[in-house]
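Q:
Protein chains: 2
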Amino acid sequence: MNYTLEQLRGLVAVAEELHFGRAAARLRMTQPPLSRQIQKLEAAVGAQLLDRDNRRVALTPAGEAFLAEARRILAIAESAPELAQRVSSGFSGLVRLGFTSASTFGILGRLLNELELHLPEVHVELYEMVTREQIAALAGQDIDLGLARPPFDPEMFDSRLLHREALLLAVHESHPLTELSRPVVPADLAGEPLIFHSQQKARYFYDLVVSMVPLAQERVVHTVSQVMTMLWLVSAGRGVAFVPASAQLLGVPAVTYLPLRTPIPQPVELHLLWPRHSHNPALERVLQVLDGLML
Amino acid sequence: MNYTLEQLRGLVAVAEELHFGRAAARLRMTQPPLSRQIQKLEAAVGAQLLDRDNRRVALTPAGEAFLAEARRILAIAESAPELAQRVSSGFSGLVRLGFTSASTFGILGRLLNELELHLPEVHVELYEMVTREQIAALAGQDIDLGLARPPFDPEMFDSRLLHREALLLAVHESHPLTELSRPVVPADLAGEPLIFHSQQKARYFYDLVVSMVPLAQERVVHTVSQVMTMLWLVSAGRGVAFVPASAQLLGVPAVTYLPLRTPIPQPVELHLLWPRHSHNPALERVLQVLDGLML
DNA sequence: GTAGTTCATGCCGTGAAGGTATCAATCGAT
DNA sequence: ATCGATTGATACCTTCACGGCATGAACTAC
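In order, the protein sequences belong to chains A and B. Residue numbering for the first sequence follows our numbering, starting at 1 and increasing by one per position. Residue numbering for the second sequence follows our numbering, starting at 1001 and increasing by one per position.
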């Protein structure tokens, strides 16, 4: 035999009123069915919960103990639908966010602040991975949202430009080019030792720089995949490097960032990327909050 | 609208099987009513919990969240009857025990050990109070059981002798009587300064000593209600005192305990005392465990 | 003793839950 | 592409559990 939530509500009402009639009134019912509810509950529980005669009603010790459990059950039962609704509407939940390292630190912070502000109940789990890994993780449902650089397959993913920034030339602070009072142009770099992006592991930057700075690969002395590594090599005086403007935030010492003339003023793009048909309401809500936002 | 525990069980089954037919079989029912159960649950909760078409069943994020709550509810709901039964049978619960101070420390420890051993789920709350206070507290339902000394009203209370011990004479270790190679007799105490029990506050000992040791009150220098106080006065050389044998355990320095010839060998009684009609099952069980036990 | 209070019980009608049969949609095999 | 198999949803029926009303039983108070 088993008991019901209604019976628990009956027990709580009677325990609080210590009077069947009043308890029944509070439950919008009449006294007889309430009496039977309690009887059935006692039968189901296998213990007398209320000590009652025609004059007074009192909880037995077993009733006290069971009442506490009943209250716990009812508290959860009442709050659970609201929780489910919040999750369903996306106001509560989990979004797993992939992001590329170093270069996105500044944007990532602002993004998380924005979400914290508007969706405090949405928990964001962070996964550091390069663009290619993000695409695989999105396809495999391992992350919900990526913060990555083109190109993406528009068949599989929706995406939106989130941030656009300039390409700068990172040089050692003692470098002669720092004396220049105009933007650097490709011709200035003739014979300059270059720290360059890996064609495989940093394909976006490789392609971007090649298209933005003709003749750039003349004297490549290092091939690197991470912006941070480039900056430390510049700091060590190994050469100059093309980096996104946000690299300035990384605070690598003895490096100066020089403006660079490019065909497009801010050619470095960072996109939001997500599966075309996601079933995560929190993701929908996150996208809605970020809609139109440029960081 | 509201939901039921049955619906929660349905949800859990479907979530575990991810298949309505198998889940229904596990619940010993057919598939159609289970489908309706889930539909009603979703309506009551106000959120879609399962994503289902004719080919596959999956939990929505809201379903995941709600499922966790459902499991919590069902876990409590299943364990609660057992808890109530344990309380009802007295194997779990609370017994509030009154005890008189110092003189009962040794017996109290053994008593609690015995209960701990046989009734580990019964919690014993301790209340230090003199016999008179215990009687009032028992009558007022403030304690369930007393550890006290006669006399009691047998109309109101049941009682049972739990411990019987000798009455000793406490003297300073330098006292001439310590040289005696036989029990002290009343005549030995002629002219001896006595630390005596208060007639009001320690009536049991007062009456007991008066009946056991004729002429005892000849030279009373202090009137005291607590055994511990008596011993410290003896230790300070203020006189001699009649104390129960268990006072030896209190470890008051420079006090020696001498055997005393009394009409009855072990005249000091300690009783268990409880209301004749208690409604505390844990008390019944405690009495049953202690039945016949002499400490 | 009588009236009033309060919980339990008997009886009845409604409605909700489960069962059977069937539909609708989808997948896989031929 | 067609057909059968699978699976969740729906229609319809029957049962029984629940709530309401009337009343009983036990006790209190005056």
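C-beta: ideal position from N, C-alpha, C; glycine also.
Taking Cβ to Cβ, would you say L108 (chain A) is nearer than 8 Å to L147 (chain A)?
A: Yes; because the gap between Cβ atoms is below 8 Å, this pair is in contact.
Q: Ignoring anything shorter than 4 residues, give me the alpha helix (DSSP H) runs that lie fully in the region 1109-1195 of chain B, in order along the chain.
A: As far as the region 1109-1195 of chain B is concerned, its whole alpha helix (DSSP H) runs of at least 4 residues are 1131-1139.
Q: By the 9 Å beta-carbon criterion, what residues does the region 1259-1282 of chain B contribute toward chain A?
A: Here the close residues are H1279, N1280, P1281 and A1282.
Q: Can you name the residues of chain B whose CB is closer than 8 Å to the CB of L5 (chain A)?
A: The contacting residues are N1002, Y1003, T1004 and L1005.
Q: Taking three-plus beta-carbon pairs below 8 Å as touching, is the region 1207-1214 of chain B in contact with the region 1222-1239 of chain B?
A: Contact between the region 1207-1214 of chain B and the region 1222-1239 of chain B is absent, because fewer than three Cβ pairs lie under 8 Å.
Q: Any idea if V1252 (chain B) is buried or exposed, counting beta-carbon neighbours within 10 angstroms, 16 or more meaning buried?
A: That one is buried.
Q: Do the region 11-30 of chain A and the region 1037-1049 of chain B make contact, defined as three or more Cβ pairs closer than 8 Å?
A: No, because fewer than three Cβ pairs between the region 11-30 of chain A and the region 1037-1049 of chain B fall closer than 8 Å, the two stretches do not touch.
Q: Please tell me whether V1286 (chain B) and L1145 (chain B) are closer than 8 Å, where the distance is taken between their beta carbons.
A: Contact: yes.
Q: Can you tell me whether R1238 (chain B) is helix, strand or coil according to DSSP?
A: In this structure, R1238 (chain B) counts as coil in the three-state DSSP scheme.
Q: Give me the subset of the region 1072-1083 of chain B whose CB atoms are less than 7 Å from a CB atom of chain A, sorted by chain position.
A: Taking 7 Å as the Cβ-Cβ cut-off against chain A, the residues of the region 1072-1083 of chain B that qualify are R1072, I1073, I1076, A1077, A1080, P1081 and L1083.
Q: Go through its chain and collect everything with a Cβ distance to I73 (chain A)'s Cβ below 8 Å, but skip five positions before and after it.
A: Closer than 8 Å at the Cβ level, and outside the excluded window around I73 (chain A), lie L5 and L8.
Q: Which same chain residues, not among the five before or five after G191 (chain A), have their C-beta less than 8 Å away from its C-beta?
A: Result list for G191 (chain A): E218 and R219, in chain order.
Q: Could you name the residues of chain A that E1284 (chain B) contacts, counting a contact when the two beta carbons are closer than 9 Å?
A: Within 9 Å Cβ-Cβ: nothing; E1284 (chain B) doesn't reach chain A, min ~11 Å.
Q: So A62 (chain A) and Q48 (chain A) are in contact, right, with Cβ under 8 Å, and what is the actual spacing, rounded?
A: Yes, they are in contact, since the Cβ atoms of A62 (chain A) and Q48 (chain A) sit about 7 Å apart, within 8 Å.
Q: Tell me whether the beta-carbon of W274 (chain A) lies closer than 8 Å to the beta-carbon of D142 (chain A).
A: Going by C-beta atoms, W274 (chain A) is not nearer than 8 Å to D142 (chain A).
Q: By the criterion of Cβ-Cβ separation under 8 Å, what are the contact partners of P1061 (chain B) in chain A?
A: Those within 8 Å of P1061 (chain B) in chain A are V87, S88, G93, L94, H279, N280, P281 and A282.
Q: Below 8 Å, how does it come out for the region 1258-1267 of chain B and the region 1132-1139 of chain B: are there three or more Cβ pairs, yes or no?
A: With the cut-off at 8 Å, the region 1258-1267 of chain B and the region 1132-1139 of chain B do not touch.
Q: Kindly list, in the order they appear in chain A, the residues whose Cβ is closer than 8 Å to that of Q1048 (chain B).
A: Within 8 Å Cβ-Cβ: S88.
Q: Compute the Euclidean distance between the alpha carbons of A1044 (chain B) and Y1003 (chain B), then round it to the nearest angstrom.
A: Looking at the two C-alpha atoms, the distance is approximately 6 Å.
Q: So is V221 (chain A) buried or exposed if we call it buried at 16+ other beta carbons inside 10 Å?
A: Result: exposed.
Q: Can you tell me the Cα-Cα spacing of L1272 (chain B) and L50 (chain A), whole angstroms?
A: Distance between the alpha carbons of L1272 (chain B) and L50 (chain A) is about 28 Å.
Q: Would you call E1098 (chain B) buried or exposed, if buried means 16 or more other Cβ atoms sit within 10 Å of its Cβ?
A: The sequence given here places Gly at residue 1098 (chain B); Glu does not occur at that position. It counts as buried.
Q: Suppose contacts are defined by Cβ-Cβ distances below 8 Å. Is L1194 (chain B) in contact with V1240 (chain B) by that definition?
A: Result yes, Cβ atoms of L1194 (chain B) and V1240 (chain B) sit closer than 8 Å.
Q: What separation, rounded to the nearest whole angstrom, lies between the Cα atoms of V234 (chain A) and Y127 (chain A)?
A: When rounded, the distance between both Cα atoms is 28 Å.
Q: Where in the region 19-56 of chain A do unbroken runs of the beta strand (DSSP E), each at least 3 residues long, occur, reported from the N-terminal end onward?
A: Whole beta strand (DSSP E) segments, 3+ residues: 50-52.
Q: So what does DSSP say about P1265 (chain B), is it helix, strand or coil?
A: The answer is coil: DSSP assigns P1265 (chain B) none of H, G, I, E or B.
Q: Leaving aside the five residues before and after T1178 (chain B) along the sequence, list all residues of the same chain whose C-beta is less than 6 Å from its C-beta, in chain order.
A: Here the set comprises T1256.
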